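Presented below is the structure to which this report refers.
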Amino acid sequence: MYPRIEINLKNIVENAKKVKKLCEKQGISLSLVVKILADSKEIVQTLVENGIDCICDSRIMNLKSYQDITVEKWLIRIPMISEVKEVVKYTDVSLNSEMQVIRKLNDEAKKQNKKHKVILMYELGDLREGCLKEELEEILKESIKLDNIEVYGIGINLSCYGEIVPTEENMRELEEIVEELENKYQIRFKVISGGSSSSYNMLKEGKLPKKINNLRLGEAVFLGNVPCFEEEIEDLNRNNFLLKTEIIELKEKPSVPRGKRGKSNSFGENITFIDRGIRKRAIVGLGKQDVRIECLTPVDESIIILDGSSDHILLDVSDSSKHYKVGDIIEFKLNYAGILTTMTSKYVERKIVR
Ligand SMILES: Cc1ncc(COP(=O)(O)O)c(C=O)c1O
C-alpha cells in the first residue's frame, strides 16, 4: 500500500546503542525521545530490548499504548490539568513548570496510591516551558513537602522556540542554580536533565558540566542529525525513514495556470508561478493532510516539488532521466518535522525494515 514510510529499524537500533554508549562514557543517562515513532509499539519494544531503559513522549496517548513495555516513561510536554489522571497512571515522570498542576498530580497520585516523579523546568533563555529562578525555588519548596510527589530533578529545554543553543555559559548557569538549590534545601537531585539533541556536540566533546547527568535525545538518534546546528553526525546512520508515494497522474501541462485567478489557493496561500513552458508533471497520492511538503527531498534529485493540496503533491519530473509512468513509485527523504507528520498520518502505511 502507498503512501508508505519505510523505517530502517536496524539502523535506528545501531544509532541508539552508539549514542547510549557515548552518554554512559560521559556519565549521562539517555532518555530516548520516541515521539517521532507516534505509537509504534514494535519499534519501542525493540529499542528497549536493545538497552534503552527510559523513553520520553509528549503525548500521553502514545505512552498509554506503551503501558505493557517495561521501561521508565517520561511525559515531556508539561501536563494539562485535564490529563493528570492518565499522567499518573501511564507515566513515571513528568516535566513540570506550574505549581497548580503539581498539586493536582499529587492529589491524583494519592488516589492511585503512587508516588509521581517531577522534573522542575528552569527557563534558560529559549522561552518555551520553564520557570524563572524565584518561581523555580517557590515550586521546589512546596513540591518537596508533597507526600505523593518526588522531586526527581531539574531540567531545561533549549533550541525549540528561541533557537538558543547550549553553550558552556548557559550550562554553567544551570549547574550553578542546581548547586544553589541543593545546598539551600539540603537535597540531592537524582536527575539534572540538560537538554536535547542540540547538546550532542557538547556531549561528544565532553563539555557538559559534571552536574548534568541526563539528556533527552530524539533527533540525534533517529536522524543522525544535530538540530539547530543542522549538522550531520558522522558515525550515525542517516535517512532511516524513507517515504514512498505512487504516481496517480502523469501528463505534460503548461507551468502557469490558465483563467481568472482568485485570492489564494485551497490552503489560503499565494503561489508565484514561473513560466517554464510545457512540463512533464506527476501527481502523487499524498498531500498536505499527511505531510509538510517543504520537509520532503526527492531521492531523484532532478525532481522539482511544485506544490500540493490536501491529497496531492505536484512534481515536475521533466528533467529526470527516468521515464516515469502512472503507478511508479517516487521516494522522498524527510527531515524531523516531515517524519513526525507522516508518522502521525493514519493514511500513510508504516513498514518496518529489519
Ligand atoms: C521537552 C523536550 N525534550 C527533548 C526533546 C527532544 O528533542 P530532540 O529530538 O531535538 O532531541 C523534545 C522535542 O521533541 C522536547 O520537547
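Residue 359 is where the sequence shown ends in this note's numbering, and the numbering goes up by one at each step. Backbone N, C-alpha and C fix where the C-beta goes; we use that ideal spot for every residue, glycine too. Since the model is a prediction, treat every value here as computed from it, not as a measurement.
Ligand 1 heavy atom lying under 7 Å from the CB of residue i
| i | result |
| --- | --- |
| V38 | yes |
| G199 | no |
| I81 | yes |
| G223 | yes |
| C165 | yes |
| N175 | no |
| S202 | yes |
| P214 | no |
| P232 | yes |
| N206 | no |
| N162 | yes |
| L311 | no |
| S269 | no |
| L100 | yes |
| S63 | yes |
Rounded straight-line distance, which links the Cα of residue j to that of residue i
| i | j | result |
| --- | --- | --- |
| M6 | E336 | 14 Å |
| I154 | C28 | 28 Å |
| E184 | E140 | 16 Å |
| V92 | K338 | 34 Å |
| K256 | E237 | 37 Å |
| G199 | C59 | 15 Å |
| R64 | H328 | 43 Å |
| T349 | R297 | 12 Å |
| D44 | K351 | 11 Å |
| F227 | K22 | 12 Å |
| L186 | G167 | 26 Å |
| I169 | M66 | 29 Å |
| S70 | T347 | 19 Å |
| L213 | K150 | 31 Å |
Residue i, DSSP secondary structure in three states
| i | result |
| --- | --- |
| F194 | coil |
| N275 | coil |
| C59 | strand |
| C165 | coil |
| L151 | coil |
| E361 | This structure leaves residue 361 out entirely; the chain is present only between 6 and 359. |
| S326 | coil |
| E299 | helix |
| E134 | coil |
| Y157 | strand |
| S102 | coil |
| G343 | helix |
| T250 | strand |
| D305 | coil |
| V231 | strand |
| K15 | helix |
| K120 | coil |
| V289 | strand |
| N188 | helix |
Nearest candidate by alpha-carbon position, reference residue i, set the options
| i | options | result |
| --- | --- | --- |
| I288 | G313, E180 and L141 | G313 |
| K122 | D131, N230, N111 and D333 | N111 |
| D97 | M104, E181, K120 and I169 | K120 |
| G130 | G160, K115 and G264 | G160 |
| K216 | I182, P259 and A342 | I182 |
| E147 | K116, R108 and G158 | R108 |
| K115 | L339, K94 and E128 | K94 |
| E210 | K30, R9, I10 and K22 | K30 |
| N206 | K189, E187, T172 and N218 | T172 |
| G56 | L42, R64, L68 and S34 | S34 |
| N218 | R9, E180, Y341 and E235 | E180 |
| P303 | G332, K249 and S315 | K249 |
| N316 | I309, D295 and D333 | One point to set straight first is that residue 316 is Asp, not Asn, in the sequence displayed. The candidate whose alpha carbon is nearest that of D316 is D295. |
| V331 | D280, I253, R82 and L301 | I253 |
| P232 | M176, A342 and I279 | A342 |
| M176 | G158, E142, S204 and Y190 | S204 |
| L345 | C61, L42 and D73 | L42 |
| I279 | P259, R82 and L52 | P259 |
| E235 | S202, L208 and R359 | S202 |
Proximity test, Cβ basis, 8 Å: residue i and chain B
| i | result |
| --- | --- |
| C165 | Here there is only one protein chain, and chain B is not present. |
Are the region 204-223 and the region 36-52 touching by the rule of at least three beta carbon pairs closer than 8 Å? By the C-beta criterion, the region 204-223 is judged to be in contact with the region 36-52, since at least 3 inter-stretch pairs fall below 8 Å.
Is it true that the region 231-245 meets the region 263-275, where meeting means three or more beta-carbon pairs spaced less than 8 Å apart? Using a C-beta cut-off of 8 Å, the region 231-245 makes no contact with the region 263-275, since fewer than three inter-stretch Cβ pairs fall below that distance.
Contact between the region 47-54 and the region 11-23 (3+ Cβ pairs under 8 Å): With a cut-off of 8 Å, the region 11-23 and the region 47-54 count as touching, because enough Cβ pairs lie within range.
Given 8 Å as the limit, is there contact between the region 280-300 and the region 315-333, that is, 3 or more CB pairs closer than that? At 8 Å Cβ cutoff, the stretches touch.
Tell me whether the region 101-108 and the region 123-137 touch, counting them as touching only if at least three CB pairs, one residue from each stretch, are closer than 8 Å. When C-beta atoms of the region 101-108 are compared with those of the region 123-137, three or more pairs fall below 8 Å, so the two segments count as touching.
How about the region 261-268 and the region 345-356: do they share at least three Cβ pairs that are nearer than 8 Å? Not touching, per the Cβ criterion.
Take every Cβ of the region 161-178, pair it with every Cβ of the region 188-195, and state whether three or more of those distances are shorter than 8 Å. They do not touch, by the three-pair rule.
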